[in-house]
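For the sequence shown, our numbering begins at 13 and goes up steadily by one. Comments concern the structure below.
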Amino acid sequence: MEETLFSAQIKRPLADRLRPQSLDEVVGQKHIVGDDAPLGRMIRAKKISSFILWGPPGCGKTTIARLIAENTNLYFEQISAVFSGVADLKRVFQYAEERRASQGKGTLLFVDEIHRFNKSQQDGFLPYVENGTIILVGATTENPSFELNAALLSRCQVFVLNRLSIENFEELLQRAEKEEGRKLPVDDDARTFMKEVADGDGRYILNLAESVWNYAQAGEVFDRDNIVKIIRSRAPVYDKGRDGHYNLISAVHKSLRGSDVDAALYWVARMLESGEDPKYLLRRLTRFAVEDVSLADPNAVTQAIACWETYDRLGSPEGDLAIMQLVAYLATAPKSVGVYKAMYAARDLARKTGSLMPPKHILNAPTKLMKQLGYHEGYEYDPDCEDGFSGANYFPEGMQRVKIYHPVDRGFEREIKKRVEYFDKLRKEKQAAKAKND
């Protein structure tokens with residue numbers, strides 16, 4: 013009797029009570045479940061095929077799968093790749109086959125975190141998907157292109173779900189207030205802050221709202237500081253080893269290349285706040301200094317090494333300032349990929365002509381035989397020549413000169429371009445004079 017009374021007093025979590033009862037109630041995903049959207053059309057036609065739902069946490073993946081099963085009279089089976097193994101999959105497949113044979117009812121198998129299954133486990137789905145024993149609905153926060161087998165992907169459509177917006181969060185809070193029968197005891201600034209800190213996760217903002225109602229005293233109105241005390245710290249959604257990691261470092265690089273210092277600082281801050289290894293960032297920034305800034309500002313790589321050494325000596329959090337200094341420097345520096353392109357052009361040329369010998373005049377002749385063969389004959393020591401430049405050919409004999417390095421007319425490389433053009437002009441003049449004398 014006491015256990016029954018105690019159970020009755022336990023209130024279901026707010027997020028569970030507000031779980032949508034129809035696809036129309038799903039927030040922020042009309043492009044997927046709307047009447048004219050792909051899944052909406054599937055449901056109306058009662059012809060559901062296997063698919064993957066790819067989206068951030070708290071965007072409604074599980075809810076959508078459950079509602080589709082209810083709207084299509086399919087038996088709903090749910091497992092998590094985190095807690096399930098081969099034995100669990102065999103049991104699910106066996107029951108699905110028996111259900112299909114005895115009741116004529118199909119099974120919608122919802123697999124949460126499907127990317128956590130290994131290759132052999134993913135392969136295990138194939139025959140049951142192909143023969144219709146199950147309709148597979150996989151949910152993942154990771155890029156399916158990288159995390160799921162090509163064979164499984166070829167049998168499933170992929171639907172991309174949106175992270176929830178500020179407007180979506182406001183709709184959820186209003187639903188929560190209607191469910192609770194009272195206003196959320198927060199001021200406007202705190203309400204806005206709650207929507208910002210939720211970071212696209214609908215489940216999180218509902219749990220946060222429930223905490224506010226639980227903690228607020230009668231007549232008390234929470235401000236931003238009160239909300240901060242409740243949440244303490246919410247780490248941004250980010251996985252250093254997976255898709256979020258590569259998306260953010262890509263954003264850093266693109267912002268630096270676009271000379272957008274504010275965006276670059278923001279993305280680097282996001283990575284640091286998410287627990288990224290600062291030395292990984294320093295390594296990538298140093299590469300950027302030689303790859304994208306290069307000789308347009310030769311001091312960039314010096315700045316990169318100096319900031320790296322500074323971080324090594326100070327560590328976090330003091331050394332984080334060195335990282336941000338480097339980001340600001342690189343973002344505002346002139347950019348050039350002249351050397352970067354030259355490297356690949358030179359390597360491509362080397363692969364095609366790799367067996368050609370250097371011209372004999374630039375080879376040392378330490379033996380009598382080598383002298384007799386013409387090694388070092390006619391070599392001119394450039395620093396002793398007029399203009400400090402001999403104009404000699406340093407490419408293999410019989411090979412036409414190839415223009416590999418094309419400096420840009422920006423930053424310090426503008427000066428380098430003038431030098432290259434000057435040497436090209438001198439070389440032509442000296443070669444013409446030599447040809448005339450010969």
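Where is the CB? At the ideal position from N, CA and C, for every residue including glycine.
Query, Result
"Residues bridged to residue 392 [DSSP beta-bridge criterion]", "Note: residue 392 sits in no beta bridge, so no partner."
"Counted within 10 angstroms of its Cβ, other Cβ atoms place residue 57 as buried (16 or more) or exposed", "exposed"
"Complete alpha helix (DSSP H) runs within the stretch 150-204 (minimum length 4 residues, chain order)", "156-159, 162-165, 178-192"
"Cutoff 6 Å; reference residue 199; Cβ partners in own chain excluding five residues on either side", "233, 235"
"Proximal residues to residue 508 (C-beta, below 6 Å), its chain only, five neighbours per side dropped", "Given a span of 13 to 450 for the chain in the structure shown, any question on residue 508 remains unanswerable."
"Where residue 412 sits in the DSSP three-state scheme", "coil"
"The stretch 39-46 / the stretch 23-31 touching (three or more Cβ pairs under 8 Å)", "no"
"Residue 30 and residue 191 closer than 7 Å at C-beta", "yes"
"Proximity below 7 Å, CB of residue 206 to CB of residue 239", "yes"
"Delimiting residues of the beta strand (DSSP E) encompassing residue 493", "Summary: the structure shown does not reach residue 493, with the chain confined to residues 13 through 450, and so no result is reported for it."
"Exposure of residue 280, with buried meaning 16 or more beta-carbon neighbours within 10 Å", "buried"
"Option in 438, 372, 106 with minimal Cα separation from residue 410", "372"
"Segment contact flag, the stretch 425-440 with the stretch 381-392, C-beta cutoff 8 Å, min 3 pairs", "no"
"Beta-bridge pairing of residue 452 - partner residues as DSSP gives them", "No answer is possible for residue 452: it lies beyond the span of the chain, which begins at 13 and ends at 450."
"Cβ-based burial, residue 59 [other Cβ within 10 Å; buried from 16]", "exposed"
"Collapsed DSSP secondary structure at residue 60 in the structure displayed", "coil"
"Exposed unless 16 or more other CB atoms sit within 10 angstroms - verdict on residue 216", "buried"
"Opposing strand residues paired with residue 90 [DSSP bridges]", "122"
"Residue 65 in three-state terms, based on DSSP", "strand"
"Any chain C beta carbon closer than 7 Å to residue 153", "No chain C is present in this structure, which holds just one protein chain."
"Bridge partners - residue 148, DSSP secondary structure assignment", "121"
"Per-residue burial, residue 262 [other beta carbons within 10 Å of its own, 16 or more giving buried]", "exposed"
"Among 65, 109, 355, 87, nearest to residue 156 - alpha-carbon criterion", "65"
"Burial state of residue 14 (16 or more Cβ within 10 Å)", "Low confidence applies to residue 14: its pLDDT is 46, below 50, so where it sits in the model is not reliable enough to give any reading."
"Rounded separation between residue 225 and residue 179 - CA only", "21 Å"
"Separation of residue 166 from residue 348, as counted between CA atoms", "41 Å"
"Rounded separation between residue 293 and residue 270 - CA only", "18 Å"
"Supposed contact pair residue 332 and residue 370 - C-beta distance, whole angstroms, cut 8 Å", "49 Å between Cβ atoms; not a contact."
"Residues near residue 424 in its chain [Cβ-Cβ closer than 7 Å; skip 5 each side]", "307, 308, 309, 310"
"With 16 other Cβ atoms within 10 Å as the buried cut-off, status of residue 173", "buried"
"Supposed close pair residue 275, residue 221 - CB separation, criterion 8 Å", "In fact, because the Cβ distance is near 31 Å, the residues do not count as touching under 8 Å."
"For residue 105: DSSP bridge partner residues", "In the DSSP output, where bridge partners are listed per residue, residue 105 has none listed."
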